[in-house]
Amino acid sequence: MSKYTEEDLKKELENQEYEYGFYSDLNAETFPKGLNEEVIIAISKKKNEPQWMTEWRLDAYRIWKNMEEPDWANVNYPKPDFQAISYYSAPKPKKQLDSLDEVDDELLKMYEKLGISINEQKRLAGVAMDIVVDSVSVATTFKKTLAEKGILFMPISEAIQKHPDLVKKYLGTIVPKTDNFYAALNSAVFTDGSFCYIPKGVKCPMELSTYFRINEGGTGQFERTLLIADKGSYVSYLEGCTAPQRDENQLHAAVVELIALDDAEIKYSTVQNWYPGDKNGKGGVFNFVTKRGLCETNAKISWTQVETGSAVTWKYPSCILKGDNSVGEFYSIAVTNNYQQADTGTKMIHLGKNTKSTIISKGVSAGKSQNSYRGLVQVHNKAENARNFSQCDSLLMGDKCGAHTFPYIECKNNTAQIEHEATTSKIGEDQIFYCNQRGIDTDKAIALIVNGFSKEVLNKLPMEFAVEARKLLEISLEGSVG
Amino acid sequence: MNLKDKLTTGFFELENKGELHIDDSIHPIRTKAFEAFENKGFPTKKEEEWKYTPLKAIINKDYEITNSYEAAVELNDVKKYFIQDVDTYKIVFINGVYSSFLSETTHSGIDVCLLSSAIKKPKYKLILDHYFNKIAKNNESLTHLNTAFTQQGAFIHIPKNTVVSKPIQIIYFSLNGNQFLQPRNLVVVDENSHVQILERHQTIDDSSNFTNSVTEIFAAKRAIVDYNKIQNDTEKASLIDQTFVQQKDNSIVSVNTFSFGGKFTRNNLEFYQEGERLESNLNGFSLLGNKQYVDNHTVVYHNQPNCESHELYKGIYADKATGVFNGKVIVHQKAQLTNAFQQNNSILIGDKSTIYAKPQLEIFADDVKCSHGCTIGQLDETALFYMQQRGIPKKEAHALLLYAFGNDVIEKIKFPKLKERITKLMAKKLGVELGF
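Protein chains in written order, with my numbering: chain A, 5 to 486; chain B, 8 to 443.
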């Protein structure tokens, strides 16, 4: 990502080279475009994966080959050509800049609005650091603390090497290869991602975030995350970054699997701010993500997401409430502007007794964007006393955007209690007028109202994230109301 | 031979016999509709609109598809199915054949008669050309099927500035073997007129009938239409009821659907708002037990500004009953200042009862107020306890609470005798006396 961390990455890679002896090759090449069994075997070889992993990937590829790209979502985009993508590329050394003056003005402006410090700005933009930032020591202390607790936190490719038993046991159990088109594709070709294991009874003392996982540069195109919280443990995981990410990859198909064993709790927060395309809807990232978590007895999984980027988003973080008394939560804000399209929501599958789920989804659409909530609440016949509360509110700005809700509610148990409500409205002129009267300009007033509208979700984010997310919302909607 | 093949043969037989040639202007519509049905076939669970609703068991039965004799029915046998103690117009069909003996039609001032006779008379050509099959085009193969076989049904035309003094009852009786019936109704209400209609499908013996009905309702400016459906057929009968409503400026149309019986009931209700400042009301209430199945699919197309729609569907499902609710509200970009409210509440009583709900909003205009609410739950234990404490037996308390739950919908009926009838039906279903 940045020069500094990349150097650090290289250092680490060099060290690892002796252990595994394959990383130096890695820097050398990018695979030719296209996907076939050979490419997959080659990826697996590059990663020096054991035989079972290669088989696993090939199996996924064979499944994928027979699948069709889904088109049920309420989004419209040119279908990507899967043979025109290179499925493996070595980390590209970024062009090094000498000072912030060389960085794109627009990007800098955005950093400033987000309140990112100068050093951080430089790091993000890939500027050589002249002031020594103590991030190495931060990272080291961080790693030390984790190691003391016995927490495993590493790239998934490393985990396949070091902890094959854990990976083998859990990988693909929550999101099977056969799950959907993009999950199958991801299973076949994933190269990056995180692996995290929290041992029994351990409360992870800090927010785990990809930001600290500095031995891996940037986010990948096909990311795979596997997070296991063993009995009685707790972890809060942050994914993404509020800073704008100018990613060149058009297609992103990530898979996230969470496993919360008995009495465990996982809090998973995402801020997604990938390139949404320009004002005319040209370019932008396609984001097709499969995220799912499994709750055993008394476990809890909580998804929080702030979605402001990507041209097309297709994402349904779900909870399978398998164990009795388990709890699933979903808090989401999706903001779309210009020509963005988002089809997002959640699935809450109630299997165990006394399971509870809460869904709070806020959609803000502006410009010519389309924002859909699609959710499923399913109560199986053995799920006695299941409880669900869903609320999805949409805010419309401008007469060319759309807000849609597609909630599916399936209930097979007569002790279940399910509530769903949805509202759609626009920002009242009287509200804006009220703010204007008190000397708040229209842009600020809108930001204020949107913040109030999304407060329930923002409050669920970890503190430092929440502040940035709030600013992000402001920026995303700038100038959307005339 | 499966039903589709049978229908194909049947269609060409009727065609050859010339029975479908009653009018040349309708004939091409028929042929086109039949082609559409032939291409699509019966809907399967793969279609989003039929995701939860299996038709297979119903269409795999053996049905009589062409029936042209009038079965004998004694008035006393069917009296109980009519709303008796008020004067009404009646259009009665037995096995799809018009029964002049049981009916009371009119041509004085208003037209309450048969669709088949209206098709034959040149006098009505203009109306038919203008309205027939104009809104029944949701591209649902069952609608096409009905259009292809359009023969019999009610034709109601209320001219300008008329308040119809008596309610109109449309009743379809069926008996003697498994009938496949396809009634088709056309209701045209001109400017400033007002009419109340009651529709019912009833099997009077223990045959397993399958009815595929289509109704088109046109409300002109400032017209008021009240359309009520009682669905309380025997537990062997299946019904697919498709109702299409088109409204012009300032009109008010209410469609109330009460489902108490039948083995399988599917209601497709579609409202097309083609004027401003109008109001659409969709109300439904289901009280089902055993293995009964009801599926309510509604769509409201808000195509013009300043309109309102109010939707309220409630259901109580006991035993192994299944309920499906799919309510769509689509607000067109032009339809600013729309107020659309939708509510769906269900109570599950049975251990094996199931509900599938999908309240759906699709909004393309910004200055709107739209909301939907959907709940699934049980009776309030504390309320039940409170009533028992005060000496009301559990069964009665239960029934009273359920009645209170459904009362919101029953209160929407503007036809007192019908309200009484519905209350009685509910009491009977709940196994208690409701003395009010």
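Heads up, the beta-carbon is just placed ideally off N, CA and C, and yes, glycines get one too.
Computed from a predicted model, the values in this text were never measured in an experiment.
Those residues which DSSP pairs with residue i across a bridge
i	result
N287 (chain B)	Before going further, note that residue 287 (chain B) is Ser rather than Asn in the sequence given. In DSSP, S287 (chain B) forms a bridge with B:V260 and B:S316.
M158 (chain A)	A:F199
F392 (chain B)	Bridge partners of F392 (chain B): none, in fact.
Y308 (chain B)	B:Y279 and B:I337
V194 (chain B)	B:I163 and B:I224
Q309 (chain A)	A:T274 and A:S336
D397 (chain A)	A:K366 and A:T427
Q344 (chain A)	Paired residue(s): none; Q344 (chain A) is not in a bridge.
V202 (chain B)	B:V232
Y412 (chain A)	A:L380
M352 (chain A)	A:C323 and A:V381
Within-8 angstroms CB hit, residue i to chain A
i	result
C381 (chain B)	yes
E318 (chain B)	no
K365 (chain B)	yes
L437 (chain B)	no
S360 (chain B)	yes
L432 (chain B)	no
Q299 (chain B)	no
S378 (chain B)	yes
I323 (chain B)	no
Q280 (chain B)	no
V375 (chain B)	yes
A1 (chain B)	Any answer about residue 1 (chain B) is impossible in this case: the structure gives chain B only from 8 up to 443.
E242 (chain B)	no
I101 (chain B)	no
Member of the options whose CA lies at the smallest distance from the CA of residue i
i	options	result
S361 (chain A)	A:K147, A:F334, A:G379 and A:A338	A:F334
Q176 (chain B)	B:Y300, B:N183 and B:F162	B:F162
N414 (chain B)	B:K402, B:V375, B:Y320 and B:A364	B:Y320
I431 (chain A)	A:K386, A:R442 and A:G367	A:G367
N417 (chain A)	B:S378, B:I417 and B:D358	B:D358
E20 (chain B)	B:N145, B:F156, B:A227 and B:N235	B:F156
I436 (chain A)	A:T428, A:E423 and A:I450	A:I450
N102 (chain B)	B:L407, B:E111, B:E42 and B:N183	B:N183
A342 (chain B)	B:H309, B:E369 and B:D326	B:H309
V439 (chain B)	B:L409, B:L425, B:V416 and B:Y131	B:L409
F225 (chain B)	B:Q395, B:I178, B:Y138 and B:Q385	B:Y138
V195 (chain B)	B:R229, B:S181 and B:E242	B:R229
Q344 (chain A)	A:N277, A:F410 and A:T446	A:N277
L355 (chain A)	A:T348, A:V381 and A:S376	A:V381
D447 (chain A)	A:V471, A:T182, A:M401 and A:Y412	A:M401
R296 (chain A)	A:C323, A:N341 and A:K475	A:C323
Y393 (chain B)	B:I383, B:H405 and B:Q385	B:H405
K426 (chain B)	B:R37, B:I354, B:T264 and B:C381	B:T264
I247 (chain B)	B:Q253, B:Q254 and B:Q238	B:Q238
Any chain B beta carbon closer than 8 angstroms to residue i
i	result
E72 (chain A)	no
Y412 (chain A)	yes
E423 (chain A)	yes
S429 (chain A)	yes
C200 (chain A)	no
T409 (chain A)	yes
G406 (chain A)	yes
A420 (chain A)	yes
G402 (chain A)	yes
A151 (chain A)	no
K372 (chain A)	no
D77 (chain A)	The amino acid at residue 77 (chain A) is misidentified as Asp; the sequence shows Ala. Cβ-Cβ to chain B under 8 angstroms: no for A77 (chain A).
K416 (chain A)	yes
A2 (chain A)	Here chain A has residues from 5 to 486 only, and residue 2 (chain A) is not among them.
Inter-residue CB distance, residue i and residue j (contact presumed, cutoff 8 angstroms)
i	j	result
L325 (chain A)	T359 (chain A)	4 angstroms
C314 (chain B)	E277 (chain B)	Not confirmed; about 15 angstroms, so no contact.
I305 (chain A)	I270 (chain A)	5 angstroms
I232 (chain A)	I155 (chain A)	In fact, because the Cβ distance is near 11 angstroms, the residues do not count as touching under 8 angstroms.
A372 (chain B)	H339 (chain B)	7 angstroms
task: With 8 angstroms as the limit, tell me which residues of the region 332–351 of chain A have their beta carbon closer than that to any beta carbon of chain B; keep them in chain order.
output: Residues passing the 8 angstroms Cβ filter: none.
- request: Identify each residue in the region 384–403 of chain B for which the Cβ-Cβ distance to at least one residue of chain A is less than 8 angstroms, and report them in chain order.
  value: Listed in sequence order: G384 and Q385.
query: What residues in the region 32–48 of chain B bring their beta carbon closer than 9 angstroms to a beta carbon of chain A?
result: Within the region 32–48 of chain B, no residue has its Cβ closer than 9 angstroms to any Cβ of chain A.
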